[in-house]
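Engineer:
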Amino acid sequence: GAGVSQSPSNKVTEKGKDVELRCDPISGHTALYWYRQRLGQGLEFLIYFQGNSAPDKSGLPSDRFSAERTGESVSTLTIQRTQQEDSAVYLCASSPRISGSSNEQFFGPGTRLTVL
Amino acid sequence: AQSVTQLGSHVSVSEGALVLLRCNYSSSVSVYLFWYVQYPNQGLQLLLKYLSGSTLVKSINGFEAEFNKSQTSFHLRKPSVHISDTAEYFCAVRPSGGYQKVTFGTGTKLQVIP
Numbered sequence: 001g002a003g004v005s006q007s008p009s010n011k012v013t014e015k016g017k018d019v020e021l022r023c024d025p026i027s028g029h030t031a032l033y034w035y036r037q038r039l040g041q042g043l044e045f046l047i048y049f050q051g052n053s054a055p056d057k058s059g060l061p062s063d064r065f066s067a068e069r070t071g072e073s074v075s076t077l078t079i080q081r082t083q084q085e086d087s088a089v090y091l092c093a094s095s096p097r098i099s100g101s102s103n104e105q106f107f108g109p110g111t112r113l114t115v116l
Numbered sequence: 117a118q119s120v121t122q123l124g125s126h127v128s129v130s131e132g133a134l135v136l137l138r139c140n141y142s143s144s145v146s147v148y149l150f151w152y153v154q155y156p157n158q159g160l161q162l163l164l165k166y167l168s169g170s171t172l173v174k175s176i177n178g179f180e181a182e183f184n185k186s187q188t189s190f191h192l193r194k195p196s197v198h199i200s201d202t203a204e205y206f207c208a209v210r211p212s213g214g215y216q217k218v219t220f221g222t223g224t225k226l227q228v229i230p
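Chains E and X, in that order, are what the protein sequence lines are. Every letter in the first sequence is one number past the one before it in my numbering, and letter 90, counting from 1, is 90. Start counting at 1 in the second sequence, then tack on 116, and there's your number in my numbering.
As structure tokens, this is what we get:
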């Protein structure tokens, strides 16, 4: 595809349920980021994958949150036992690994998660 | 580690007025700097970036930002805003060496009033 895609675009779930959010980065992009954007607030970094290096998980807010990425392809963000405060738009971004590049990020359209 | 501070979460200006959105960063190493824009109901997209060279960088739609190393700032301005500039603007920074994480500010919502 031409850009970063995310699915689903909207997800409504009940408190306590688990959810999986998917991100398909641009082909060839080695770096992948997950962010959370709560209503009326800025971007909150969650996790960063760079190639085969160990991911930077420093932004994950609790052990209910986890993410995986297979190689340099699809990533899945999993939220277990969802809480109402997890309601937000979850954004994924990817960037290429090009020597000397600024590694500009390309963002997906986001997944709007609503926890009832 | 890096940090980014954007002063003013909301800014309202009249159409045709000058707007200045402030961004200050903290870093112990040299950095690349970015401004991203998020129009209503759309995804984030890169507006402009500073990598090296001229400290004044410009976008195609009239925005400009100036890197000031001594003041660790990268303020965004436009001399005459248009209603279509209504959006949320995010400042971001990443170390210039290697392949490292980007850190975003909390964003400034710009409302342009007719």
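A virtual CB, placed ideally from N, CA and C, is assigned to each residue, including glycine. As the structure is a prediction and not an experimental result, all values here were calculated from the model.
(1) State yes or no: is the C-beta of histidine 29 of chain E within less than 8 Å of the C-beta of serine 94 of chain E?
(2) Which class does aspartate 63 of chain E belong to by DSSP, given the choice of helix, strand or coil?
(3) What are the residues of the region 37-48 of chain E that lie near chain X, defined by any Cβ-Cβ distance shorter than 8 Å?
(4) Is DSSP giving isoleucine 79 of chain E helix, strand or coil here?
(5) Using 8 Å for Cβ pairs, my map puts phenylalanine 206 of chain X next to leucine 192 of chain X. What's the rounded Cβ distance?
(6) How about glycine 51 of chain E and glutamate 72 of chain E: are their beta carbons less than 8 Å apart?
(7) CA-CA distance, leucine 149 of chain X and arginine 97 of chain E?
(8) Can you name, in chain order, every residue of its own chain whose Cβ lies under 6 Å from the Cβ of valine 120 of chain X, other than the five neighbours on each side?
(9) Just curious, the beta strand (DSSP E) that isoleucine 47 of chain E is in, first and last residue?
(10) Beta-carbon within less than 6 Å of serine 143 of chain X's beta-carbon, same chain only, minus the 5 sequence neighbours each way: which residues are those?
(11) For aspartate 86 of chain E, count neighbouring C-beta atoms within 10 Å of its own C-beta (all shown protein chains included) and say buried if the count is 16 or more, exposed if not.
(12) For alanine 133 of chain X, collect the residues of the same chain with a Cβ closer than 8 Å to its Cβ; drop the 5 residues on either side in sequence, then sort them by chain order.
(13) Go through its chain and collect everything with a Cβ distance to threonine 78 of chain E's Cβ below 6 Å, but skip five positions before and after it.
(14) Please classify aspartate 56 of chain E: does DSSP put it in a helix, a strand, or coil?
(15) Would the region 105-112 of chain E and the region 4-13 of chain E be scored as touching if the rule is three or more Cβ pairs under 8 Å?
(16) Identify each residue in the region 174-201 of chain X for which the Cβ-Cβ distance to at least one residue of chain E is less than 8 Å, and report them in chain order.
(17) Would you kindly work out how many angstroms separate the C-alpha atoms of isoleucine 26 of chain E and glycine 124 of chain X, rounded to a whole number?
(18) Tell me, which residues are paired with asparagine 140 of chain X by DSSP?
(19) Given this structure, state the Cα-to-Cα distance separating arginine 36 of chain E from leucine 91 of chain E, to the nearest angstrom.
(20) Starting from the C-beta of aspartate 24 of chain E, find all residues in its chain whose C-beta is less than 6 Å away, skip the five residues before and the five after it, and write them out in chain order.
(21) Report yes if the C-beta distance between valine 173 of chain X and leucine 160 of chain X is below 8 Å; otherwise report no.
(22) What residues from chain X crowd round glutamine 80 of chain E, counting only those whose CB sits closer than 7 Å?
Structural biologist: Quick answer:
(1) yes
(2) coil
(3) Gln41, Gly42, Leu43, Phe45, Tyr48
(4) strand
(5) Actually they are not in contact, since the Cβ atoms of phenylalanine 206 of chain X and leucine 192 of chain X sit about 10 Å apart, beyond 8 Å.
(6) yes
(7) 17 Å
(8) The residues Tyr141, Cys207, Val209, Thr219, Gly221, in chain order, have a CB closer than 6 Å to that of valine 120 of chain X in the same chain once the five nearest residues on each side in sequence are set aside.
(9) 43-50
(10) Gln118
(11) Around the beta carbon of aspartate 86 of chain E, 16 or more other beta carbons sit within 10 angstroms, so the residue counts as buried.
(12) Ser196, Val197
(13) Contacts found: Glu20, Ser66.
(14) The answer is strand: DSSP assigns aspartate 56 of chain E an E or B state.
(15) Yes: the two stretches touch, three or more of their Cβ pairs being nearer than 8 Å.
(16) none
(17) 33 Å
(18) X/Thr121, X/Ser189
(19) 6 Å
(20) Ser5, Val74
(21) no
(22) By Cβ distance, chain X contributes nothing, its closest Cβ being about 24 Å from glutamine 80 of chain E, past 7 Å.
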